[in-house]
Structures are given as structure tokens and as C-alpha cells.
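Quick notes on the structure that follows.
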């Protein structure tokens, strides 16, 4: 067992004597695949990462009215995401402070108070205890005098583009600091229109038989697409080559892949003198149409408009528990057109070899019905549990998890040696470390560097 | 399909609300037995991984959906999301899925899963269209992949609309899969239910 004093700060010595910090080789850019197998590491991740990080729990549009709530998880802790009378959103630990019963077992509902089904303590949406059966006989005025101590544990909350994030750690960095340079890109991705995005409905939920990091670290991996997702090239949907474009990472461990429109969609013939507005209208970002792009200038800077027109973010990972996708793929029709994929993933690590995935689909509130419908259906068909793209990812993650379960398998190192180095295209306005060109391992390596910094600090 | 049947098929009803309201077809009725046979054959076709044959059992206007399920308190409304789905397919998208499995390196199903579908509790109802029947049934699906000893079990109520052609031939015109699980316990739906 881990020494309890070593759990919260500094390097951890695993039970076989190996310091956690030795599982990364920063010079060779390798990581021991033991990190996906070890129960001790998993427990440490729950303490040092999931209990202290900004985790996506809901979209504001899931709980539009005061009293609306959904039940979600942060790490393995069940929490209630509640809209209060003032319109604010609170995130409460779904554990009764009396004896530990979940206050709520339904996943969605509307209520003014939460009454524990065990002994009947009642809490309001702020988490304050409001009473209990036979309160005077049982407790006198104790529930009132010790109200602070008896209140539900509350998380800090923040949101961007309507996605609500929560963090249990009162000392954690503010949400905007956590986002850092990625906020500029993220706003361009999901805060572009006047009315913004809303969810199609409740997120898909399903299990994946793999360690959560196999998903989290994969986001900036453009290398796997030409082999694992080769079927899309064989079907003529995507070109069959290593993805080129721009990868970005930030010191917070966030990563993204920006598509190079010219290279990917063969638009070399387009008139270079066309204005940004014309370019955006000619190729509206996923989930919008030409008319909607006129609103973008109300919400984005010229640099962000240029980003969307020339090198839009297609996939983005926020350390440690959020993925966002915004790109075009096969719409599943006979004619085989392209449709928008707009999805957000969160995840719940359940065990070293199992996580649950949540998949929200986002559509523009004010988009015409046909745009919303095309986005909804294309996203379902490409991403999430039945998605033709992510079907194959789930198989790769399960495969790595099983093959590194053995004594010998877990001694193998994952390799991230393909370095490009920072290459910032001339005039590129986005922040972070920018790697332009054929996708190599730089951004993924930045993810692992951040992971080990957090785990050993 | 002939134009007459196509016209009649516009009578599809919402599988969430008004399914199975028509007159019950008794289990002793030959029609019931023919539909039972069709469902068994259809399940066997999938179990045998004969995806091309399976597509031939689907009608051109099929809608094939699996809504997301969310746990709710008794009496507070449907647990099924009306818009968010695990599957939302028509004949073109189902053909595209099958084409990917059969013609490309679709790693998720190569080697293919082994899946056993048990279809029970079949109830058949007449509809306003004389050749169409609404059928509810229970599906017990057990999936295993390569030599992984773990079994994935998925259970659901299926609400099917089955359309009769001639004396003994049927096609599936609508399938709504109402899962029992809020969190689906298989890593992907690279299989059909």
C-alpha cells in the first residue's frame, strides 16, 4: 500500500519500490505502459487528478429551469448538478452528510429540495440542511447551529459555451487560468454564435474496457488515423495519409489538432483574396450554415475568425477529462455527403481497466432544423457508442489494455519519439506550443509531461 | 415494393407512445407463427454474421433507432430521450455500416464478435395497414470478442413494425430498441440488435 503521507504531495513510491517518477523517461520520450494497469496509480489519480481538476458534468441546456437537476459523476463521486432559484448552477456531492446515503438515485428530475430516502434529512439546492424528521426530539437545535458542518460538499463550478465544469478542490486554480491559452481556441469552437449551443438530449453512456488515459492521451494523435481509421479512406471519406495540419499543446496539458483546410479538403483552387467572411460563408464551421457565419464577428476576434476559416480546431482535449470534436464526416446517406460532427466526451474512471464514457451532442440553438438534424444524425453515426470512427478506437483501447496486462507486456514503454519541435506558422495568432506540419508526437508528449508533473508534485 | 404498400406504411406510429394499440394477434394464429419465424430467422442471420442477408430483410423505408435511457423516478415521465440516440439509422446508413464491415479494415469487428440473440415474449398487434404488424419482443444479446472470457450482456425491448409481402415473406419496416441499461455494458455498438 502507498504510504498515506506520500499520497497527496511529491513523488509516490509504489509497493514494489519503484518511484512513480521513474515510469516516464523524459529524455527518450517514453512512458511505461504499467501506468494503465496499476491499481495504486489508479487510486492516486483519483486523489491527485480527478478530485482536484475541472471535470465536465453537464450542459446548461440540460437543466434550463430553477429546480432542474441531473446526476453525474466526478471521478467516481456521484454529484448533483442543480439549477437554483437565482439561475446559478450548483454541483453537490450526492452523499448525505448524515450517514452517507445517496440523496438521489434518479439521473434527472425537478425538485425544490433533496430528501434523503434513508432517514429523511432534507437539503436545499445550495446544499444546506433544511431539516430532518423529528428534528427537535432528535437533535434540538444542532442542525441549525452546525449548519456549515452538515452542509453537502459543494464543488466549484464554471462554464464555457454552456458546458458546466466542476472541481472539488477549493484551492484549485480558477477556471480561466486552467484553460489558459486554450480558451481562445475553445471560444472559437463553441462560442461563435449569438445564441450558442444546446444539447440534443441526455448524453450517451457506455463502458470501455480500458484505462481512461488511453482515451485522454490519444486526442492529439493524428498518426493513428491512417491505420486504425483506414476504413474511412477505403470508403473514400477521408484521404489516406498521415494527417497534416497544426497540433497545439499548452502547459496545462490541453491538446488539439487543427485541420488544414487546404490540405484536407482540397480547396487549393479557392480564391486567396476572398475575405474571411466569404471564406467562412463558403465553408461554414460544423453545426452552422452560411447565414449564421455573419454572427461570428459579434462574438469572435478577427484572429479567431481566421482560425475558423483556415485552420479550425477539429479535436481538443482538456486535461484530464474532456474531449471536444468539431469536424465533418460521412453523413450516412446514399449520396455520401459530409455532415457535421459536434460532440463532447467526459469520462468516469471505474477501475484501472475500465472507464465509462459520456457523449453529448451539441447543436446551435438558432440553426435551422435541417442543420440541427444533420448534426445530430451525423454525430451519432460517426462518434460515441455506435460511431463508425470511435468503434475502432474502443477496440484499440481494449487491445492495449489486454496486451499490457501481463508481467512482460506492462514492461513495454509507449514511445513518443517522433518530435517535430515548435513550428509556429507565420502570422498564426493562437497561443500555446504550436507544431505545424505532419502530425508527430509533440502534443501527446506534452500531455504525458503534464500527467507526470501532476502525479509527482 | 409496390406503391400501395408504401402508401399504407405512412401509418407508422411513435414507438414511444402508441405502439401496440391494435387488435392482438393470438399466438395460435398462423400469422403470429409466421412473424415469430421471421424474427428467429432475422436473429439467426445476424448471429451467423451474414450481414448482406440481414440487409435484405430490411425494407427501404426502415427507421432503426435506439434512444438513450435516463433513470427517472416513478411517474415523472419517459426514461427514453426523444432525440438523443445510440443508433439513428435508415436503410442508407445501415448499408454504409455493413459496407464498412465487409469491404474495409474495420478493426472493431475483424475478427468479428460472436453474438447470440435470444428473442422472446413476442406479442403481435394488427395495425391500420392490413399487411403491417406491430411486434414487441424481448432481446437477450450476449456478445463475446476474440478470446476475452468476459461476456457483454445487453437486454432490451424491441418494438418492431413488420410488413408482409405475399404469403410468407416479411420485411422489417421499423425497429426501436428500448435498452434496459442507462450505461451500456459493451465497448461499442459495432453490432446490430
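Chains as they are written, first to last, in our numbering: chain A, 775 to 1231; chain B, 121 to 313.
Ideal Cβ positions, reconstructed from N, Cα and C, are used throughout, including at glycine.
Any beta carbon from chain B within less than 9 Å of residue i's own beta carbon?
i: residue 978 of chain A; result: yes
i: residue 1165 of chain A; result: yes
i: residue 1135 of chain A; result: yes
i: residue 1230 of chain A; result: no
i: residue 889 of chain A; result: no
i: residue 1005 of chain A; result: yes
i: residue 1169 of chain A; result: yes
i: residue 829 of chain A; result: no
i: residue 988 of chain A; result: no
i: residue 1138 of chain A; result: no
i: residue 1154 of chain A; result: yes
i: residue 1002 of chain A; result: yes
Could you name the residues of chain B that residue i contacts, counting a contact when the two beta carbons are closer than 8 Å?
i: residue 1144 of chain A; result: Result: empty, since nearest Cβ-Cβ is about 15 Å, beyond 8 Å.
i: residue 1104 of chain A; result: 216
i: residue 882 of chain A; result: 190, 191 and 192
Buried or exposed for residue i, going by 16 or more other Cβ atoms inside 10 Å?
i: residue 1027 of chain A; result: buried
i: residue 962 of chain A; result: buried
i: residue 1097 of chain A; result: buried
i: residue 1077 of chain A; result: exposed
i: residue 1224 of chain A; result: buried
i: residue 916 of chain A; result: exposed
i: residue 978 of chain A; result: buried
i: residue 836 of chain A; result: buried
i: residue 185 of chain B; result: buried
i: residue 289 of chain B; result: exposed
i: residue 892 of chain A; result: exposed
i: residue 1196 of chain A; result: exposed
i: residue 1067 of chain A; result: buried
i: residue 151 of chain B; result: exposed
i: residue 273 of chain B; result: exposed
i: residue 1181 of chain A; result: exposed
Whole-angstrom Cβ separation of residue i and residue j, contact assumed at under 8 Å?
i: residue 1115 of chain A; j: residue 1060 of chain A; result: 6 Å
i: residue 259 of chain B; j: residue 243 of chain B; result: In fact, because the Cβ distance is near 14 Å, the residues do not count as touching under 8 Å.
i: residue 1234 of chain A; j: residue 1129 of chain A; result: Given a span of 775 to 1231 for chain A in the structure shown, any question on residue 1234 of chain A remains unanswerable.
i: residue 1119 of chain A; j: residue 987 of chain A; result: Actually they are not in contact, since the Cβ atoms of residue 1119 of chain A and residue 987 of chain A sit about 14 Å apart, beyond 8 Å.
i: residue 318 of chain B; j: residue 200 of chain B; result: Since the first residue of chain B shown is 121 and the last is 313, residue 318 of chain B is not available in this structure.
Just the C-alpha distance for residue i and residue j, rounded to the nearest angstrom, thanks.
i: residue 885 of chain A; j: residue 925 of chain A; result: 18 Å
i: residue 1205 of chain A; j: residue 193 of chain B; result: 47 Å
i: residue 1021 of chain A; j: residue 792 of chain A; result: 33 Å
i: residue 310 of chain B; j: residue 1158 of chain A; result: 11 Å
i: residue 276 of chain B; j: residue 1051 of chain A; result: 49 Å
i: residue 271 of chain B; j: residue 216 of chain B; result: 27 Å
i: residue 1108 of chain A; j: residue 1081 of chain A; result: 32 Å
i: residue 191 of chain B; j: residue 234 of chain B; result: 30 Å
i: residue 829 of chain A; j: residue 930 of chain A; result: 10 Å
i: residue 1146 of chain A; j: residue 794 of chain A; result: 47 Å
i: residue 122 of chain B; j: residue 1131 of chain A; result: Confidence at residue 122 of chain B is low in this model, with a pLDDT of 38, below 50, so the placement of that residue should be treated as unreliable; the coordinate-derived value is given next. Roughly 44 Å between the two C-alpha positions.
i: residue 267 of chain B; j: residue 875 of chain A; result: 40 Å
i: residue 220 of chain B; j: residue 1012 of chain A; result: 13 Å
Kindly say whether residue i, judged by its beta-carbon, lies nearer than 9 Å to any beta-carbon of chain A.
i: residue 161 of chain B; result: no
i: residue 176 of chain B; result: no
i: residue 179 of chain B; result: no
i: residue 207 of chain B; result: yes
i: residue 294 of chain B; result: no
i: residue 317 of chain B; result: Past the boundaries of the shown model lies residue 317 of chain B; chain B is included only from 121 to 313, so the question cannot be answered.
i: residue 393 of chain B; result: Any answer about residue 393 of chain B is impossible in this case: the structure gives chain B only from 121 up to 313.
i: residue 264 of chain B; result: no
Run through chain B and tell me which residues come within less than 7 Å of residue i, C-beta to C-beta.
i: residue 1184 of chain A; result: Going along chain B, no residue has its Cβ under 7 Å from residue 1184 of chain A, so there is no contact; the nearest lies around 18 Å.
i: residue 846 of chain A; result: Per Cβ cutoff of 7 Å: no residues; residue 846 of chain A is ~11 Å from chain B at best.
i: residue 974 of chain A; result: 203 and 204
i: residue 1130 of chain A; result: 303
Going along chain A in order, which residues have a C-beta closer than 7 Å to the C-beta of residue i?
i: residue 309 of chain B; result: 1159 and 1160
i: residue 212 of chain B; result: 1106, 1107 and 1108
So which residues of chain B does residue i contact, with C-beta pairs closer than 9 Å?
i: residue 1009 of chain A; result: 216, 219, 220, 223 and 224
i: residue 859 of chain A; result: Those do not exist, as residue 859 of chain A stays about 20 Å from chain B at its closest Cβ, beyond 9 Å.
i: residue 879 of chain A; result: 191 and 193
Which residues of chain A have a Cβ atom closer than 9 Å to the Cβ of residue i, listed in chain order?
i: residue 268 of chain B; result: 983, 1172 and 1176
i: residue 258 of chain B; result: Those within 9 Å of residue 258 of chain B in chain A number zero; the least Cβ separation is about 21 Å.
i: residue 276 of chain B; result: None at all; the shortest Cβ gap to chain A is about 14 Å.
i: residue 196 of chain B; result: 880, 882, 883 and 884
With 9 Å set as the bound, which would you pick, yes or no: does the beta-carbon of residue i sit closer than that to a beta-carbon of chain C?
i: residue 1151 of chain A; result: In summary, chain C is missing from the structure at hand, where the protein chains are A and B.
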